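Everything in the sequence shown is counted per our numbering, starting at 586 for the first residue and increasing by one. Idealized CB from N, CA, C, for every residue including glycine. On a predicted model such as this, the values are computed, not experimentally measured, just so you know. Contents: one structure, followed by commentary.
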Amino acid sequence: MTPLHIETPRLIIRHLNIHDLSNFIIYRSNPEVTKYQGFDVMNLEQAEEFITENAAKYFGKAGEWVQYAIENRETGQLIGDCAIKLDQYDTRIAEIGITISHLEQRKGFAKETLLGILTFLFNEIKLHRVVEIVDAENTASIKLLQSVGFKQEGHFIENIFFKGKWGSEFQYAMLKREWEERK
Numbered sequence: 586m587t588p589l590h591i592e593t594p595r596l597i598i599r600h601l602n603i604h605d606l607s608n609f610i611i612y613r614s615n616p617e618v619t620k621y622q623g624f625d626v627m628n629l630e631q632a633e634e635f636i637t638e639n640a641a642k643y644f645g646k647a648g649e650w651v652q653y654a655i656e657n658r659e660t661g662q663l664i665g666d667c668a669i670k671l672d673q674y675d676t677r678i679a680e681i682g683i684t685i686s687h688l689e690q691r692k693g694f695a696k697e698t699l700l701g702i703l704t705f706l707f708n709e710i711k712l713h714r715v716v717e718i719v720d721a722e723n724t725a726s727i728k729l730l731q732s733v734g735f736k737q738e739g740h741f742i743e744n745i746f747f748k749g750k751w752g753s754e755f756q757y758a759m760l761k762r763e764w765e766e767r768k
């Protein structure tokens with residue numbers, strides 16, 4: 586299978602590899618970065634195992650999350666990662682997620698990553714719908730989704746026991762026709 590490769594003006598979205606480990610662990614071990622994520626802080630051994638296991642995964646398998654590196658084109662360094670999962674029952678639908686290092690936040694990288702992923706999924710793969718589930722307290726992610734045209738479709742109240750407490754989530758989504766209309 587061909588590895589996923591997406592280029593934006595400042596970023597390359599590509600397969601994670603073991604050379605990313607030193608930058609990956611910097612933000613994946615930070616509790617502020619993982620606060621709203623579906624994963625907890627990682628130690629070096631867990632991060633290495635995660636990257637190694639993910640290396641065998643490729644875009645296109647229904648129901649499987651695949652994590653990708655977000656590389657700064659100028660520095661060649663990993664600045665975050667993102668994930669795409671095609672729906673288990675209908676591969677015209679995908680769910681996505683983005684994590685940016687605390688050292689690289691507030692520079693527009695999350696938005697550029699999101700737009701790069703959406704361009705790939707809607708224009709190249711021709712998906713019908715892209716979904717993101719976001720913690721109801723994660724205002725930065727909510728603003729990001731709204732800024733590119735995602736619509737809130739659901740509010741799940743205390744639907745997930747998460748890091749020792751019940752949490753609430755929003756479901757946001759965008760349809761291909763909404764993506765095309767925003768141009």
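- For W751, the pairing in a beta bridge is given by DSSP as F746.
- Between the segment 662 to 673 and the segment 685 to 701 there are three or more inter-stretch CB-CB distances shorter than 8 Å, so the stretches are counted as touching.
- Taken atom to atom, the span from the alpha-carbon of T676 to that of M759 is near 15 Å.
- Sequence-distant partners of F705 (beyond 5 residues in either direction) whose C-beta falls short of 6 Å from its own C-beta, in its chain, are I591.
- Taking N657 as reference, the option from F755, T587, I597, E743 with the minimal CA-CA separation is I597.
- About 5 Å separates the beta carbons of V626 and T619, which is inside the 8 Å limit, making them a contact pair.
- The alpha-carbon separation between K728 and E717 amounts to approximately 13 Å.
- Non-local C-beta neighbours of K670 in its own chain, meaning closer than 6 Å and more than five positions away in sequence, comprise W650, E680, ordered along the chain.
- Here the alpha carbon of G648 sits roughly 21 Å from the alpha carbon of F741.
- Separation of the CB atoms of G752 and E743 is rounded to 7 Å, and the pair is thereby assigned contact status at 8 Å.
- For a cut-off of 8 Å, the C-beta gap from Y653 to H600 is around 6 Å, short enough to register as a contact.
- At the C-beta level, G734 and R767 come within 7 Å of one another.
- Straight-line measurement puts the Cα of G693 at about 27 Å from the Cα of A640.
- For the 7 Å CB-CB criterion, F755 and A721 form a contact.
- Nearest to G682 by C-alpha distance, out of P594, N723, F746, R595, is N723.
- Judged by DSSP secondary structure, T684 falls within the beta strand (DSSP E) whose first and last residues are 678 to 685.
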